[in-house]
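Here the UniProt record's numbering is used: the first residue of the sequence shown is 1, the next is one more, and so on.
Everything on this sheet refers to the single structure shown next.
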Amino acid sequence: MPPTDTPPEKGAVLPHGDAPGIRFEKVVKRFGGNVVLRGLDFTVAPGERVTLIGPSGSGKTTILRLLMTLERPDEGLIWVGDDTLWHMDRGDKRVPANQKHLHEMRKRIGMVFQQFNLFPNMNVLRNLTEGPVRVLGVPKDEAVERARGLLDMVGLSDKIDAHPSQLSGGQQQRVAIARALAMEPRVLLLDEVTSALDPELVVGVQDLLRDIARQSDLTLLCVTHEMTFAKDISDRVLMFDEGQIVEEGPPEQIFGEPSEQRTRDFLQAVL
Ligand code: ADP
């Protein structure tokens, strides 16, 4: 007899639909006199899974924060699908984006943070339903049903009434992953999602994300210091340093035969 406690096929509860690509075009970002991105150009194809690696402080998180519209570029364009984040087309003119445009763009993008960032005063269920109900206007019953499916997928159905402070770091991060997916994003951004976890919890969260990446058609952009995870989850790896892409390629090439000295030095330091 087949086991009755087989977890649901993850693909069944994952968001589906056309995933947009991402394009950075000559993006410059400064913090005061500190030029963090120096005319950065790169693309992520629709449904592609890309990991950014590189030294601390090189600007990787800034790239994700720009996509989440938590930061604004000083120069250049950031495209998500056929739309730019900070500008919108009006007739044949590109004009600065208004709040409505930014709100619409944000709906396509989900992010999982290093520090989980769950709502501490809400239980797990409400953490998952609050965004869909308030931001997307999903009927409550539907949002609850979807939340149950996602919690089942991340293995936390029994924690539906718990508050974040009652959960381990690994459990909180699973809830944060489910919460990001509850918004049915088309692009998922992962920022050092296991670096705040105790070592024994890291693999479980990585395995979950690897399965999600393989079974969904999301466009994925990931920042990590975990090179095995990067190898596992990515179609392509971008080595990033001093505001520019140093080299890029499939994981086997970047980790097996990097062509740039800066990549070799970086990998030697982290592996
Ligand atoms: P990474 O993710 O590669 O470690 P970050 O994108 O976090 O790098 O940071 C890149 C640089 O930008 C660092 O020098 C950091 O101090 C600076 N930085 C990031 N965010 C801010 C901010 N809000 N204000 C000032 N400087 C910042």
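Think of the CB as a built atom: it goes at the ideal place given N, C-alpha and C, for glycine as much as any other residue.
| message | Closest to LEU102 by C-alpha separation, out of MET68, SER56 and SER58, would be which residue? | response | MET68
| request: May I ask which residues mark the beginning and end of the beta strand (DSSP E) holding PHE24? | output: 22-31
| query | Quick check: the stretch 159-169 against the stretch 182-190, are there 3 or more CB pairs under 8 Å? | reply | no
| Top-ranked residue by Cα proximity to GLY155, from VAL124, ALA143 and GLY131 | VAL124
| task | Assign GLY33 to buried or exposed, taking buried as 16 or more other Cβ atoms, counted over all protein chains shown, within 10 Å of its Cβ. | result | exposed
| message | If you reduce the DSSP assignment to three classes, tell me which class LEU40 lands in. | response | strand
| field | Coil, strand or helix - GLY76 by DSSP | value | strand
| message | Taking the straight line between their C-alpha atoms, what separation do you get for THR4 and LEU14? | response | In this prediction, THR4 scores a pLDDT of 44, lower than 50, which makes its location untrustworthy; the coordinate-derived value is nonetheless stated afterwards. Cα to Cα, THR4 sits roughly 22 Å from LEU14.
| field | Reduced DSSP secondary structure (H/G/I, E/B, other) of THR224 | value | coil
| query | How far does the alpha helix (DSSP H) with HIS103 in it reach, from first residue to last? | reply | 99-106
| message | Is the separation between the beta-carbon of THR194 and that of THR224 shorter than 9 Å? | response | yes
| Spatial neighbours of GLY110 in its chain, beta-carbon cut-off 6 Å, leaving aside the 5 residues before and after | ALA180, MET183, PRO185 and LEU188
| When you compare only the Cα positions, how much space is there between LEU77 and ILE22? | 11 Å
| said: By DSSP's criteria, GLU247 is part of a beta bridge. Which residues make up the other side? | reply: MET239
| query | Exposed or buried, which one is SER216 when buried takes at least 16 other CB atoms within 10 Å? | reply | buried
| said: Quick check on the DSSP output: the beta strand (DSSP E) that includes GLY110 runs from which residue to which? | reply: 109-112
| said: Under 8 Å, with one C-beta from each stretch per pair, do the stretch 245-264 and the stretch 70-84 reach the 3-pair mark? | reply: no
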